[in-house]
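Only one structure is covered here, and it is reproduced in the block below.
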Amino acid sequence: MKTPPALATLLLASSTMLIFTHCSKNMNEAPAKRASNTESSAASDMQVQSLLFNGDAALGPSAVWKVLNIEGSGTITTATDPVYGKVWKFYKPAGSHRTEGHGAKNYQAVEGDDIYIGWRSKLAIPASQKTNAVFQWKAYGSTLPMTQNYPIVISTTSTGQFHMMHFAPGKIGTEVWATPLSRNTWNTMVLRIKVSRDASTGFIEFWYNGVKQTLVNGTQRYPARTLDADFCDPKFGVYGGDDADITNYVHAIRIGSSYADAAPAGN
């Protein structure tokens, strides 16, 4: 049957409109999908870039430590933990003074940085053994004056405490935080440092086993000068306690720009 001219024109117009609508829909959907992929990629990149340093024992000493500081016959090796796999093992035998890893290779904090240092530690140590440090935020360099030497120190006491000290210029020490020493057990720590030579700008925050701690001033933030000399670096291991065999097992060392970046898994 022959289609009347008016009806043919109407059918042609309807077909054209349908094709145009379908194409427009596809064109509008495609950019949305591409934008979503781009946003996902950007978010992924931001997450990766926020991890500033990885001190995993599986990477080996040459990728993690700037210097191995051993005074005596101690050793810095790795061990295999049944839960966490490869971990750092800092062994300081009796009669030796220091077994420390000076980090962090290829990373340097500067004035104004806001960083989180996270790690997990297990101490094999006599119950009331005093140490100088099992962690240090230690000053280095000779261009600028060194007035603090070790702005932040975590150590053990002769009264069975595990504590954090801040040392102001003149090496004036303040016990910022303390808890009973937990031996032969894994404990996690995250130390937030606002890096500054200005005591009104710098500060310390601290998480122990996933719980943010209240510090000596009654708050969860301790204002402090946290940068001394030319720069400061983290050190892990055992310093002092010369009369005892001490082993510090350390796992999951991270430096990041947020708590989530640095906190060991599960915290």
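Numbers -19 to -1, 1 to 248, taken from mature numbering (1 follows the signal peptide of the UniProt record, and there is no 0), label the letters of the sequence shown in order. Cβ coordinates follow ideal geometry from the N, Cα and C atoms, glycine included. Quantities reported herein were computed from a predicted structural model and do not represent experimental measurements.
In the DSSP assignment, residue 88 falls outside any alpha helix (DSSP H) and carries neither an H nor an E.
About 3 Å separates the beta carbons of residue 243 and residue 99, which is inside the 8 Å limit, making them a contact pair. Here the alpha carbons of residue 50 and residue 80 stand approximately 6 Å from one another. Assigned with DSSP and collapsed to three states, residue 242 falls in helix. As the crow flies, the alpha-carbon of residue 43 is around 16 Å from that of residue 215.
Residue 45: member of the alpha helix (DSSP H) spanning 42 to 45, first to last residue. Residue 75 carries a coil assignment under DSSP once its states are collapsed to helix, strand and coil. When secondary structure is reduced to three states using DSSP, residue 38 falls in the helix class. C-alpha of residue 120 to C-alpha of residue 64: approximately 34 Å in a straight line.
Rounded to whole angstroms, the separation of the alpha carbons of residue 235 and residue 166 is 20 Å. DSSP places residue 225 in the coil class of the three-state scheme, outside both helix and strand.
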